[in-house]
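Taking it in order: structure first as structure tokens, then the write-up.
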Amino acid sequence: MSALLEIRHLTHQFGGLTAVDDFSLAIAPGELVGVIGPNGAGKTTVFNLISGVYRASAGSIRFDGTELVGRAPHEIARRGIARTFQNIRLFRDATVLDNVRTALDATARYGASGALLHA
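Okay, so the sequence shown: first residue is -15 according to the working numbering, each after it adds one.
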């Protein structure tokens, strides 16, 4: 079975600091994978690279056969990859359901007028 997400030789540098160095990973459809390591190991940087928040200094990230390096975060989100943050509640005064609905905005198939008119 071929990889759904394939990362090869991913490297990212912040100035003179190499945060991720030659990271590779392949994830097959239906496979569940965890990324663990101590603080400062580069875990968050890897997720920021996959989601397009950062652009890789070197390497390749392919999702379902499409290269992601160099694509904008919103283009990557449209393909089905997005990241969450470690906040307990993103919007303090919103319900859990409303917080989840906010994340679904990228998949909406309607515009502002449709949202206002419930069309």
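Glycine included, C-beta positions come from ideal geometry on N, C-alpha and C.
Nearest-angstrom Cα distance between residue i and residue j?
| i | j | result |
| --- | --- | --- |
| Arg67 | Val37 | 9 Å |
| Ile20 | Ala10 | 16 Å |
| Gly43 | Leu101 | 45 Å |
| Val80 | Gly64 | 21 Å |
Please state the DSSP three-state secondary structure of residue i.
| i | result |
| --- | --- |
| Gly98 | helix |
| Ala3 | strand |
| Ala10 | strand |
Kindly identify the DSSP beta-bridge partner or partners of residue i.
| i | result |
| --- | --- |
| Leu16 | Paired residue(s): none; Leu16 is not in a bridge. |
Classify residue i as buried or exposed, calling it buried when 16 or more other Cβ atoms lie within 10 Å of its own Cβ.
| i | result |
| --- | --- |
| Arg55 | buried |
| Thr29 | buried |
| Ala40 | buried |
Whole beta strand (DSSP E) elements within the region 27 to 85, 3-residue minimum: For the region 27 to 85, the full-length beta strand (DSSP E) segments reaching 3 residues or more read 42 to 47 along the chain.
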